[in-house]
Every structure is written in structure tokens, then in C-alpha cells.
Ligand code: SF4
């Protein structure tokens, strides 16, 4: 573990979050398996990091009750049920768009189902965060969303947004350092709600597994 990672982990712990290091994605997956129990009710935000680390596949095991809202062929009623299952579920899994050296989690959503679960509802929020998500501060975290996370997610989700074509937020054409909420006006915009998670009241409800490998975007 290098000094920067140690600093981030200490800062997250100081902010009342559980935080630990997993050298590889396989280690992160093993750690998640240790946390889960048979019959655990689980929901998750759409996350490339969960897919790449193999955690998503683990959640799909028949040992757990995983409400996967991304399953192909779901009816709207089934999808809504999966969204509602997040309230009071045992575990909510996701990644973070960025984690700062001050121990803050930076996240931006289009529909805010992920942000709302990070803030309230699930008993435990577990984040699998690759080393590529570490930033100096919140400002850099929001810039990371405009330069990396949003454009790549828009391509992944086939969203018709300027960043999917440009490779960065349209706001960066006008300013080097745009405001947090600056961006496009299009219907598919995935940057609508902005969250900084700082010190938590409920100790260790949020649990960050910081992985020594690059994961997601
Ligand atoms: S505001 Fe629009 S163009 Fe900018 S990153 Fe978000 S979706 Fe892309």
C-alpha cells in the first residue's frame, strides 16, 4: 500500500466510514464474500467497477436475494420493485466516481437512485473503488466526472449526449474550470444530481474497499 492510499484510508476512517485496502480485484471480491450472509437482501447501482472486479457475478449467486434492476427483459413493474428494494436492504453495492485525499466521496447521477441509496435506506453501503478514482479534492473529483466518468458511461449506456461524441463534457469547451453543475441541456444528460459524502453520523454504514488496481471509470 503506498502513502497516498494509506492517507485516503485514514481520511475515510476519520470521516466515520469503514475503509480498507484490497491489493487486487480478486482480493476485493474475497472480502465482499466474507461480509455477505446467506439470504442477504442486496441491491446495486449500475457499475463497471463491480462488473470488472467480479463482485457483480458474486452477488448473482443463488445464496443471496439480489434485486438486479439491469436484468434484460424486466417489466417496468419488476424494475420499480428492484428500485424500491433498496430501502431497507442489507447491502447496497456501487463504486464512487471519485474519492478525495480528504476522505470525501464524490458522486454524480442522472436519476439519483444511487445517490439516494448512498445517503439513506440500505443498512450497509459497500463501495468497490479502483486506485484510478483517487483525486486531490472535491473540485478535481467533479472535473473527473466531466472528463472521464460521464463521457465513458454515456458511451457504455448509448446515451445521446455531447460528451459521448467529444470525449469530455461540453462545458469544458467554454471554460477550463467549469462550475460543478455546468453542462449540456440534452434529454439524456446523466449529470443531474451532485453529492459529496463527508463525515458520516452512522459509523461504518459506508464501507469503502479501495483496490490497488484500476477499476471502471
Ligand atoms: S453535462 Fe452533459 S455533456 Fe456534460 S458530462 Fe454530463 S451528460 Fe456529458
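In this note's numbering, the protein residues as written are 181 to 397.
Every residue, glycine too, gets a C-beta built ideally from N, C-alpha and C.
Note that the coordinates shown come from a computational prediction; the quantities given were computed from them, not determined experimentally.
In this structure, the ligand SF4 has no non-hydrogen atom nearer than 6 angstroms to the beta-carbon of residue 306. A residue is called buried when at least 16 other Cβ atoms come within 10 angstroms of its Cβ; residue 261 does not meet this threshold and is exposed.
Residue nearest to residue 305 within the set 387, 189, 255 and 208 is 387 (criterion: CA-CA distance). Here DSSP, grouped into helix, strand and coil, assigns residue 287 to strand. Remark: three or more beta-carbon pairs, one from each stretch, lie closer than 8 angstroms, so the stretch 371-380 and the stretch 283-291 are flagged as touching. Contact annotation: residue 395 and residue 233 have beta-carbon atoms nearer than 7 angstroms. Rounded to whole angstroms, the Cβ separation of residue 208 and residue 391 is 5 angstroms, and the two are in contact under 8 angstroms. Listed in chain order, the non-local C-beta contacts of residue 225 below 6 angstroms within the same chain comprise 274 and 294, local neighbours out to five positions each way being set aside.
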